[in-house]
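Colleague:
In full-length UniProt numbering, the protein residues as written are 1 to 456.
(1) May I have a chain-ordered list of the alpha helix (DSSP H) segments no shorter than 4 residues that lie completely inside the UniProt domain "DDE Tnp4" (286 to 445)?
(2) If the criterion is Cβ atoms closer than 7 Å, does the pair residue 285 and residue 408 meet it?
(3) Restricting to runs no shorter than 3 residues, where is the beta strand (DSSP E) found entirely within the region 180 to 209?
(4) Excluding the five sequence neighbours on either side, which residues of its own chain have a C-beta within less than 6 Å of the C-beta of residue 376, listed in chain order?
(5) Report yes if the CB atom of residue 414 is closer than 7 Å to the CB atom of residue 444, and no otherwise.
(6) May I ask you to list the residues that DSSP assigns as paired with residue 447?
(7) Which of helix, strand or coil does DSSP assign to residue 52?
(8) Does the region 241 to 261 touch the region 336 to 344, meaning 3 or more C-beta pairs lie closer than 8 Å?
(9) Compute the distance between the beta-carbons of residue 380 and residue 361, then report whether it is under 7 Å.
(10) If you measure between the beta carbons of residue 167 and residue 211, is that distance less than 7 Å?
(11) With C-beta atoms as the reference, is residue 154 less than 7 Å away from residue 203?
(12) Can you tell me which of 151, 331, 350, 170 puts its alpha carbon nearest to the alpha carbon of residue 433?
(13) Relative to the C-alpha of residue 419, which residue among 291, 307, 449 is closest?
(14) Hey, could you find the ends of the alpha helix (DSSP H) residue 241 is sitting in?
(15) What does a CB cutoff of less than 6 Å around residue 183 pick up in its chain, not counting 5 residues either side in sequence?
(16) If I'm right that residue 185 touches residue 179 with Cβ under 8 Å, what's the distance once you round it to whole angstroms?
(17) Pull the bridge partners of residue 284 from the DSSP assignment, please.
(18) Go through its chain and collect everything with a Cβ distance to residue 68's Cβ below 8 Å, but skip five positions before and after it.
(19) Helix, strand or coil for residue 156? Go by DSSP, reduced to three states.
(20) Identify whether residue 226 lies in helix, strand or coil by the three-state DSSP scheme.
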């Protein structure tokens, strides 16, 4: 039988041939051993050439010295594009070099071969990190100063922005401003807030309770429209309207007891000297106040609110002041077409009078007979209607009444300091006009009286 040679049974040859004929796994194992030997040789020969070898290895976060050596050699390979290598590198890249290799500094990539030669590091390369550190420190100090300056400027601008906002927190710092916008001092303002705080609703979360009250008082005191108030407080017109419609009726109910009809003895104790000796029995000074409203589109409402005295569409109120200047009576609102006599009779004013009371007015009202039925007298200035001149008694009485009328006008002027009473009320706000008048009257009684006190 003919013997067949096996393909893997070859003749013994040279060592190179024997290595080339080894199985594939043995070839890889041998190559790895050779590579490890070369790696150890490289580490031994290159290591002493770098005094800062360990420091550089820690900077690159490498574990072994040979890893740093191959890092330098790989960087050198990509820069020089050498074709012949002393030995095979640890890894063979098949793409462009990583970015961290391209950005490597010159001190990390000495231009020498992987051979056993010592590579000195220039002194300039050692100084560069220190110079870079000093430069970074200087830049850090400059940026830190700039940051502190910007933060201080930002804080200052925030404070200026807070001061520019219209709010009670800014207004209360100036007593004159608070008195102008509200008509009250801070003490009365806080008393009002304490009085109504539990009964009113906070409409806007952006505004404090103090700001809500400030909106209402500015509406009454200055007669500002809702658009103006919305711009001042950085709110919507709807929010301002909701605040006014919610707060004014509630405040009118709470503060209405401030409009009180005093007893005859209380009036005499507080009677000013200007009323002596002819008007010591004066119980009150009456007047009919008419507030203009927008022209109604309904013909019936237009006719009912037309005033022949003001020549405009108005709502009429009967208002009474004590001799000391406090508002003691206020009737509901009536159309301007309603007569003074009907308002006097239907408002309940006559039921508060007592016999021998004196009622003073600054102009003629057709209510003398109604007052006489209650035993009260009506004192008004005398007018020369059908006579050429007044008698001596009438002239003296009119002169005395004229001094009293000055104080009546002052009291009425204090009430009309609320500019909303002098403005034209829109039809959308006529339904809350009674509450507005009541609130203005109650707030007037909180103000200091303009009538001089008695010397006693």
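In this text, a Cβ means the ideal position worked out from N, Cα and C, and glycines have one as well. Please read these numbers as outputs of a predicted model, since none were measured by experiment.
Modeller: Walking through what the data contain:
(1) 299 to 304, 340 to 346, 368 to 373, 392 to 415
(2) Within the chain shown, residue 285 is the residue found at index 285, counting from 1. Within the chain shown, residue 408 is the residue found at index 408, counting from 1. Yes, Cβ-Cβ distance for residue 285 and residue 408 is below 7 Å.
(3) none
(4) Locating residue 376 in the chain shown gives position 376, counting from the first residue. Cβ neighbours of residue 376 beyond the five flanking positions: 353, 357, 359.
(5) Here residue 414 is taken as the residue at index 414 of the chain shown, counted from 1. Here residue 444 is taken as the residue at index 444 of the chain shown, counted from 1. Yes, the Cβ-Cβ distance between residue 414 and residue 444 is below 7 Å.
(6) For this step, residue 447 is matched to residue 447 along the chain shown. Note: residue 447 sits in no beta bridge, so no partner.
(7) Numbered from its first residue, the chain shown carries residue 52 at position 52. Three-state result, residue 52: coil.
(8) no
(9) One-based indexing of the chain shown puts residue 380 at position 380. One-based indexing of the chain shown puts residue 361 at position 361. Closer than 7 Å, so yes.
(10) Residue mapping note: residue 167 aligns to position 167 of the chain shown, counting from 1. Residue mapping note: residue 211 aligns to position 211 of the chain shown, counting from 1. Cβ atoms of residue 167 and residue 211: closer than 7 Å.
(11) As a position in the chain shown, residue 154 is number 154, starting the count at 1. As a position in the chain shown, residue 203 is number 203, starting the count at 1. No, the pair does not count as a contact, with Cβ atoms beyond the cut-off.
(12) The residue given as residue 433 occupies position 433 in the chain shown. Residue 433 has its Cα closest to that of 331, out of 151, 331, 350, 170.
(13) Residue 419 sits at position 419 when you count from the first residue of the chain shown. For residue 419, the nearest C-alpha among the options comes from 291.
(14) One-based indexing of the chain shown puts residue 241 at position 241. Taken as a continuous stretch (DSSP letters only), the alpha helix (DSSP H) holding residue 241 covers 237 to 255.
(15) Here the question's residue 183 lines up with position 183 in the chain shown. Hits under 6 Å: 221.
(16) Here residue 185 is taken as the residue at index 185 of the chain shown, counted from 1. Here residue 179 is taken as the residue at index 179 of the chain shown, counted from 1. The pair is a contact, with the Cβ atoms about 7 Å apart (cut-off 8 Å).
(17) One-based indexing of the chain shown puts residue 284 at position 284. Bridge partners of residue 284: 359.
(18) Against the chain shown, residue 68 aligns to sequence position 68. Once the five neighbours on either side are set aside, the close Cβ partners of residue 68 are 53, 56, 57, 60, 62.
(19) Walking along the chain shown from the start, residue 156 turns up at place 156. Helix at residue 156.
(20) By one-based count along the chain shown, residue 226 stands at place 226. Reduced to three states, the DSSP call for residue 226 is helix.
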